[in-house]
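Engineer: Position one of the sequence shown corresponds to residue 59 (my numbering), numbered consecutively onward.
Beta carbons are placed, not taken as given, at the ideal position from N, Cα and C, and that holds for glycine.
A quick note: this is a predicted structure, and the numbers were derived from the prediction, not measured.
One structure coming up, written as structure tokens, with questions to follow.
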Amino acid sequence: MLDGREDQAAGLRRLFRRAPPVVVALYATGRYRVHHAVRAAHRIAGQAERVLILDEAGGDDALGGMLGLAPGPDLLQMLDGRLTLAELLQPIPGLMGRVPAAAAALALPLLDNARRACLVEALKVLHRHAGFVLVHAAPDSAADPSPFVHAAPRRLLVAEASAPGATEAYQVIKQLAAAGAGSLHVAVSRARSREEATAFFASLEALVRRHVGVPLTWLGEVERDDLANGLARIPVVGGGREPEAAFLRQLAKLDGSGGVLTSPRER
């Protein structure tokens, strides 16, 4: 007779294989953008989801310092064969953990098929245990999005409700649009009220509509709204989680050309 706990574990493993995580490219803007990115991750995880952060930002934009983490190995170091996934993943209370990936983001288009397949396989294993994967990128990288951002079917901008937050948010949107982004979801952080948050978004949306032409979708406030449910409800072609399953396939078939950003409907 099968042990009930073993049967349940097997069922969970099958569930993870059937339902890839929701994959989101995450940008945050403003004077406290690193704080906002971490806050958004915890808010998403607060909806009973296991959140994996694939952190491709470097320097002061990396999330390790804010999370109290020591510098850890980069995803790229999986290639030397001496690093296990347990050593790669930096556990974070309340989240699944963080994987530094700045070097991997730069190197991925240049790798041969075998090495690229090795990295993609490592990500595949990590994805089986995640409900959400947040590809955290620095705002100043938006003009040249990485392969991880290219492959992510959803893009979320967390904008600080301030003049610096608005200016930086507009620049990120403009640069992503030039790279081919079809649409973005926006969550506002540090607004003093719902009225201020909605007014901030309306002003940003009007500016973007007039000068950029990329549609923005209001996701809510980081401090007050269910970001996880909002992201998971974004319509995708074919239903289910096909774009999430396609995330790893897109990385596996890179040809070094970089490509352009596309919306889920264009894939």
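1. What did DSSP end up calling E279 once you bin it into helix, strand or coil?
2. If contacts are defined as beta-carbon pairs under 8 Å, then M136 and V92 qualify, I think. What distance do you get, rounded to the angstrom?
3. If we ignore side chains and look at the alpha-carbon of each, how far apart do L234 and W276 end up?
4. Do V193 and V96 have their C-beta atoms closer together than 8 Å?
5. I'd like the span of the beta strand (DSSP E) that includes H100, first residue to last.
6. What is the DSSP secondary structure of G223, counted as helix, strand or coil?
7. Roughly how many angstroms separate the alpha carbons of L308 and R291, rounded to a whole number?
8. How long is the line joining the alpha carbons of E279 and G104, rounded to whole angstroms?
9. Measure the C-alpha to C-alpha separation of V272 and R250 and round it to an integer number of angstroms.
10. Within a Cβ cutoff of 7 Å, which residues of the same chain sit near S241, ignoring the five residues on either side of it in sequence?
11. What would DSSP say about G130, mapped onto helix, strand or coil?
Structural biologist: Let me lay it out:
1. Correct three-state label for E279: strand.
2. Not confirmed; about 25 Å, so no contact.
3. 17 Å
4. Not in contact: V193 and V96 (Cβ atoms no closer than 8 Å).
5. That residue, H100, is in no beta strand (DSSP E); its alpha helix (DSSP H) goes R91 to A103.
6. helix
7. Looking at the sequence shown, residue 308 is not Leu but Gln. Those two C-alpha atoms are separated by around 22 Å.
8. 14 Å
9. 27 Å
10. V272, P273, T275 and S321
11. Here DSSP, grouped into helix, strand and coil, assigns G130 to coil.
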